[in-house]
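Notes follow once the structure below has been shown.
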Amino acid sequence: MRSRGRDRHVFSPQVVERIAEEGVAEVGRLDAERKALNDCLQKLCASERELLQCCYAVGVTIKQAAQQMGRTPNSLYKLLNRIREALLRCIETRLAEMELE
Amino acid sequence: MTWESSELLELFGALLNGTLTPEEQARLDRLLREQEKARALYRRYINLHAALRFYHTAAPAANLPPAESRRLEPQRASGPQPRHRAKLRIRRLLALTAGMLVLIGLSWIWVGGQRTFTLDLFEGPVIGTLSAMRGLVRMHGTRRERRAEVGMELHAQDTLIVPADASAVVTLDGTIRVELGPETTLAFSGTNNEAEAKSLYLKSGFLSVEAGPQPPGRPLYVFTPNAQAKVLGTKFTLAAAPQQTHLRVAEGTVALRPGSAGPDVEVPAGFVASVVGDVAMPPRPSRTGEVLLVESLEKSHTPEQWRRFNRQLANRFLSRHVRRLALKVVIKDHRAVQAADLAGRPLVIVSVAEENVGFEDNLRWIGLAEAETPVICLEGIAFPVLGMTGPKQQQDFDWPNLVTRLRFPLPDHPLSRRGAELSAGLASFAWGRPQGEALRIAVLNDHPDRAALFAYEVGKQMIGRKVPARRVGLPLNPAIIEKPSLEFWNLFENAVNWCAEPIGKR
Chain A
1 MRSRGRDRHV FSPQVVERIA EEGVAEVGRL DAERKALNDC LQKLCASERE
51 LLQCCYAVGV TIKQAAQQMG RTPNSLYKLL NRIREALLRC IETRLAEMEL
101 E
Chain B
1001 MTWESSELLE LFGALLNGTL TPEEQARLDR LLREQEKARA LYRRYINLHA
1051 ALRFYHTAAP AANLPPAESR RLEPQRASGP QPRHRAKLRI RRLLALTAGM
1101 LVLIGLSWIW VGGQRTFTLD LFEGPVIGTL SAMRGLVRMH GTRRERRAEV
1151 GMELHAQDTL IVPADASAVV TLDGTIRVEL GPETTLAFSG TNNEAEAKSL
1201 YLKSGFLSVE AGPQPPGRPL YVFTPNAQAK VLGTKFTLAA APQQTHLRVA
1251 EGTVALRPGS AGPDVEVPAG FVASVVGDVA MPPRPSRTGE VLLVESLEKS
1301 HTPEQWRRFN RQLANRFLSR HVRRLALKVV IKDHRAVQAA DLAGRPLVIV
1351 SVAEENVGFE DNLRWIGLAE AETPVICLEG IAFPVLGMTG PKQQQDFDWP
1401 NLVTRLRFPL PDHPLSRRGA ELSAGLASFA WGRPQGEALR IAVLNDHPDR
1451 AALFAYEVGK QMIGRKVPAR RVGLPLNPAI IEKPSLEFWN LFENAVNWCA
1501 EPIGKR
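Here it is as structure tokens:
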């Protein structure tokens, strides 16, 4: 089982600085992204929404959420990744639509 | 999306889930280092994660859209299958009935004139009040955007938008005072449920917060795009910019955590901590309080002088960059500054000024040279007053229109951080010729005695006295004042951080 626990100090300082500096130009996009996310969340089914609610609740670990939902942590990780990817794709599509509107 | 982005998404997922192997970590670091597109995708992914965290932890009930059963991906089939048609017809009939019931209900509300009920349908619970404001502040509610007014109630899901040259003060729960600096966007969330935490979402900009002790189990959370701060009762400032959050604590303790989870970093009083990207930097000692920016806004009379400054713009940029580091700024005209204004400041910044308007005399009169307050001086004509250089322009300081390169003879000094990027290109720099035991941080390549950035450490010798508190000379070249480079701002932020560091506490 691979695991690094919750240690997030993973990137080299150059990477962190580049990510931060290039991000400055994207400030204007944040609002539009949030609006797009609102639309995309509405397209999720109830079970996907429930899963997000469980996993993102304050103070709840994935293990606890998995136990609560009767799943294994690994399956929950996979589902979470799938939902995040779907949301990301949906946001990109929605942003493109918003530009055309 | 391409296979490359699929791989990236898988790695990002593992990163957030805490299941990234060392090999994957190295691979991800390399991809992010080499590919701009990968970094852009990473920012999107982390922004999404931060927004989801906000939705589900900050405002679980208020923000979530109503439950429906639609899928994200469009259906592959072009239309409904025949065996589902009967079911679909029934659903349509039910939907039509429901729609009619809603219409009847709304008509009843309209006729009955129960306006408060219709409002309550759309607005979240009242969670605070706008108690003061300056300038044109806007409030974006669930249904509309309008001009904010003092005394107005703020509901869950409302967002306050504070433009440049404006500010606002919000009171929450009667125990929390939140001041919003210029160029700040802050969203509110929370419910009437006393068991749930109160929370704010600082999308960008600067907050100064004074929070009394919070009820057990009901801390205040302040989220930013890449971090969260948990407040139990304290006084602090918080600044959020894309991928950067800075927190400076004046009283009490705040727990800071990167947006993608990870352990809390306890930030005690007198310390500053940052989250850059997804990484929490360890807290370091810092002065707190309001930075004083001394400006000179007299009208210029000649085209040359006009070109020399767009001073107002410069002051706006300067204060924005100070706020980005979670330090509050107060701007005062040099004619209004008193000696008492210097006391207890973490830092005084002497901004660019007009000549022959009494600027130097006023700095002398308030005793800035002797003040035990750190000073960053951006104006060459003020160097002699502060004992940082001799008095002659062209010999002791100047702002020529010559392009040159910079060299950083002290590469390990904190003021030289990120300086290498600046040494690569040609540019026009103002300079000063420091004396005594000055640290020459950035010197002109062909004139090593001329420094574009220099400093004096406490207790060292400067002209006419021992250095009473840290001094930094970073003359702003009037020729580039309207568009200082990113590298200049890096050096400026280095200078602010260095000056805000208390001496003798490390």
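First to last, the sequence lines map onto chains A and B. In terms of this note's numbering, the first sequence opens at residue 1 and continues consecutively. In terms of this note's numbering, the second sequence opens at residue 1001 and continues consecutively. Even for Gly, the Cβ is constructed at its ideal location relative to N, Cα and C. All values reported here derive from a predicted model rather than from experimental measurement.
Inset, instruction - With 8 Å as the threshold, decide whether the Cβ of Glu1036/B is near any Cβ in chain A. - result: In the second sequence, counting from the first residue as 1, residue 1036/B sits at position 36. It does; some Cβ of chain A falls within 8 Å.
Legend entry - Three-state class that DSSP yields for Thr1234/B in the structure shown: In the second sequence, counting from the first residue as 1, residue 1234/B sits at position 234. When secondary structure is reduced to three states using DSSP, Thr1234/B falls in the strand class.
Inset, instruction - Kindly identify the DSSP beta-bridge partner or partners of Gln1461/B. - result: Within the second sequence, residue 1461/B is the residue found at index 461, counting from 1. Beta-bridge pairing links Gln1461/B to Lys1466/B.
Inset, instruction - Please state if the CB of Asn1356/B and the CB of Arg1335/B are separated by a distance shorter than 8 Å. - result: Mapped onto the second sequence, residue 1335/B falls at position 335. Mapped onto the second sequence, residue 1356/B falls at position 356. Contact: no.
Inset, instruction - Kindly say whether Lys1203/B, judged by its beta-carbon, lies nearer than 8 Å to any beta-carbon of chain A. - result: Translated into the one-based positions of the second sequence, residue 1203/B becomes position 203. Judged by the 8 Å Cβ criterion, Lys1203/B is in contact with chain A.
Legend entry - Which residues DSSP lists as bridging Gly1390/B, in chain order: Indexing the second sequence from 1 puts residue 1390/B at position 390. Paired residues: none, contrary to the question.
Legend entry - Touch test, the region 1153-1166 of chain B against the region 1130-1141 of chain B, Cβ-Cβ under 8 Å, three pairs minimum: yes
Inset, instruction - Starting from the C-beta of Ser1078/B, find all residues in its chain whose C-beta is less than 6 Å away, skip the five residues before and the five after it, and write them out in chain order. - result: Locating residue 1078/B in the second sequence gives position 78, counting from the first residue. With a pLDDT of 39 at Ser1078/B, under the threshold of 50, the modelled position of that residue is not reliable, and no figure is offered here.
Legend entry - Cross-chain neighbours of Leu1032/B in chain A, by beta carbon under 8 Å: Locating residue 1032/B in the second sequence gives position 32, where the first residue counts as 1. Ordered by position in chain A, the residues that pass the 8 Å Cβ test against Leu1032/B are Phe11, Val15, Arg18, Ile19.
Inset, instruction - Say whether the region 1440-1448 of chain B touches the region 1371-1385 of chain B, bearing in mind that this needs 3 or more beta-carbon pairs closer than 8 Å, one atom from each stretch. - result: no
Legend entry - According to DSSP, residues forming a beta bridge with Thr1184/B: For this step, residue 1184/B is matched to residue 184 along the second sequence. Bridge partners of Thr1184/B: Val1162/B.
Legend entry - Cβ pair Phe1236/B, Ala1250/B closer than 8 Å: Counting from 1 along the second sequence, the entry for residue 1236/B is found at position 236. Counting from 1 along the second sequence, the entry for residue 1250/B is found at position 250. In this structure, Ala1250/B lies closer than 8 Å to Phe1236/B by Cβ.
Legend entry - Leu79/A beta carbon less than 8 Å from that of Leu51/A: Here the question's residue 51/A lines up with position 51 in the first sequence. Here the question's residue 79/A lines up with position 79 in the first sequence. A contact, by the Cβ cut-off of 8 Å.
Legend entry - Three-pair Cβ contact test at 8 Å for the region 1404-1419 of chain B versus the region 1429-1448 of chain B: yes
Inset, instruction - Find the residues of chain A that neighbour Gly1181/B, judging by a C-beta separation of less than 8 Å, and give them in chain order. - result: Taking the second sequence and counting its residues from 1, the one referred to as residue 1181/B is at position 181. Under the 8 Å cutoff, chain A gives no residues; its nearest Cβ is about 16 Å from Gly1181/B.
Inset, instruction - Go ahead and label Glu1034/B buried or exposed: buried means 16 or more other beta carbons lie within 10 angstroms of its beta carbon, across all protein chains shown. - result: As a working note, residue 1034/B is residue 34 in the second sequence. With fewer than 16 other Cβ atoms within 10 Å, it is exposed.
Legend entry - According to DSSP, residues forming a beta bridge with Leu1256/B: Translated into the one-based positions of the second sequence, residue 1256/B becomes position 256. For Leu1256/B, which the question treats as bridged, DSSP gives the partners Ala1229/B, Val1265/B.
Legend entry - Interface flag, Gln1243/B vs chain A, CB-CB below 8 Å: Within the second sequence, residue 1243/B is the residue found at index 243, counting from 1. Yes, its Cβ sits closer than 8 Å to a Cβ of chain A.
Inset, instruction - Could you tell me whether the Cβ of Pro1285/B comes closer than 8 Å to any Cβ of chain A? - result: To locate residue 1285/B, count along the second sequence from 1; it is residue 285. For Pro1285/B, the answer is no, since every Cβ of chain A falls outside 8 Å of its Cβ.
Inset, instruction - Going by DSSP, name the residue or residues bridged to Val1126/B. - result: Counting from one through the second sequence, the residue named residue 1126/B turns up at place 126. The partner list for Val1126/B (beta bridge, DSSP) reads His1155/B.
Inset, instruction - Verify the CB distance criterion: does Asn1494/B have a CB-CB separation below 8 Å to chain A? - result: Here residue 1494/B corresponds to residue number 494 of the second sequence, with the count starting at 1. Interface criterion not met: the Cβ of Asn1494/B is under 8 Å from no Cβ in chain A.
Legend entry - Coarse secondary structure for Gly1205/B, derived from DSSP in three states: Looking up residue 1205/B in the second sequence gives position 205. Strand at Gly1205/B.
Inset, instruction - Check each candidate in Lys1460/B, Met1152/B, Phe1223/B and name the one with the smallest Cα separation from Ala1187/B. - result: Here the question's residue 1187/B lines up with position 187 in the second sequence. Looking at the Cα atoms, Phe1223/B is the closest of the given residues.
Inset, instruction - Look at the alpha carbon of Leu1460/B and the alpha carbon of Arg18/A, and state the distance between them as a whole number of angstroms. - result: Locating residue 1460/B in the second sequence gives position 460, where the first residue counts as 1. Locating residue 18/A in the first sequence gives position 18, where the first residue counts as 1. The question names Leu, but residue 1460/B in the sequence shown is Lys. Going by the C-alpha atoms only, they are around 36 Å apart.
Inset, instruction - Assign Gly1380/B to one of three DSSP states: helix, strand, or coil. - result: Residue 1380/B sits at position 380 when you count from the first residue of the second sequence. Secondary structure of Gly1380/B (DSSP, three-state): helix.
Inset, instruction - Select from Glu1266/B, Ile1127/B, Leu1200/B, Ala1168/B the residue whose C-alpha is nearest the C-alpha of Arg1147/B. - result: Within the second sequence, residue 1147/B is the residue found at index 147, counting from 1. It is Ala1168/B whose Cα lies nearest to the Cα of Arg1147/B.
Legend entry - Proximal residues to Arg1324/B (C-beta, below 8 Å), its chain only, five neighbours per side dropped: Translated into positions along the second sequence, residue 1324/B becomes position 324. Excluding positions up to five away in sequence, the list reads Phe1206, Ala1239, Ala1241, Gln1244, His1246, Glu1493.
Inset, instruction - Please decide whether Glu22/A counts as near chain B, where near means a Cβ-Cβ distance under 8 Å. - result: If you number the first sequence from 1, residue 22/A lands on position 22. With 8 Å as the cut-off, Glu22/A counts as an interface residue toward chain B.
Legend entry - Three CB pairs or more closer than 8 Å across the region 59-72 of chain A and the region 89-99 of chain A: The region 59-72 of chain A makes no contact with the region 89-99 of chain A; the number of CB pairs closer than 8 Å stays below 3.
Inset, instruction - Just the chain A side, please: which residues come within less than 7 Å of Ala1051/B by C-beta, in chain order? - result: Residue mapping note: residue 1051/B aligns to position 51 of the second sequence, counting from 1. Per Cβ cutoff of 7 Å: Arg34, Leu37.
Inset, instruction - Going by CA-CA distance only, name the one from Leu1220/B, Leu1410/B, Tyr1201/B, Ile1046/B that's closest to Ala1438/B. - result: Taking the first residue of the second sequence as 1, we reach residue 1438/B at position 438. Comparing Cα positions, the closest option is Leu1410/B.
Inset, instruction - For Ala1014/B, I'd like the list of residues in its chain whose CB is within less than 7 Å of its CB, leaving aside the five on either flank, ordered along the chain. - result: Taking the first residue of the second sequence as 1, we reach residue 1014/B at position 14. Contacts found: Leu1020, Glu1024.
Inset, instruction - Could you spell out the range, first to last residue, of the alpha helix (DSSP H) harbouring Ser75/A? - result: One-based indexing of the first sequence puts residue 75/A at position 75. Looking at the DSSP string, the run of the alpha helix (DSSP H) that includes Ser75/A is 73-100.
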